[in-house]
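All you need for my numbering is the position in the sequence shown, starting with 1, plus 1473.
Virtual Cβ for every residue (Gly too), placed ideally from N, Cα, C.
None of these values were measured; they are calculated from a predicted model.
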Amino acid sequence: MDINSGLAWLGFWIFMAVFITCDHWIFQQGYDSFFQKHKTAEEKQIQQLKIEKLRRALERAS
């Protein structure tokens, strides 16, 4: 493995780490993400409550 190949793999894994971190952050905000979905009725209700809470916070900030 030469240095260019190693740097390509390093870049790939850095990208994947950031992508997965952002995906989990989006899910924690109450939205369905690339890897995770809200499936049960309770999860969907919690999802909607989180979204409404964020919307109200944004409206107050504006």
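Beta-carbon separation (whole angstroms), residue i vs residue j, contact threshold 8 angstroms
i: LEU1527; j: GLN1502; result: 7 angstroms
Range of the contiguous alpha helix (DSSP H) that encloses residue i
i: SER1478; result: 1476 to 1501
i: ASN1521; result: This sequence places Gln at residue 1521; Asn is not what is there. Its alpha helix (DSSP H) spans residues 1514 to 1534.
Review point. Is there contact between the stretch 1497 to 1506 and the stretch 1478 to 1488, where contact requires at least three CB pairs shorter than 8 angstroms?
Key: Short answer: they don't touch.
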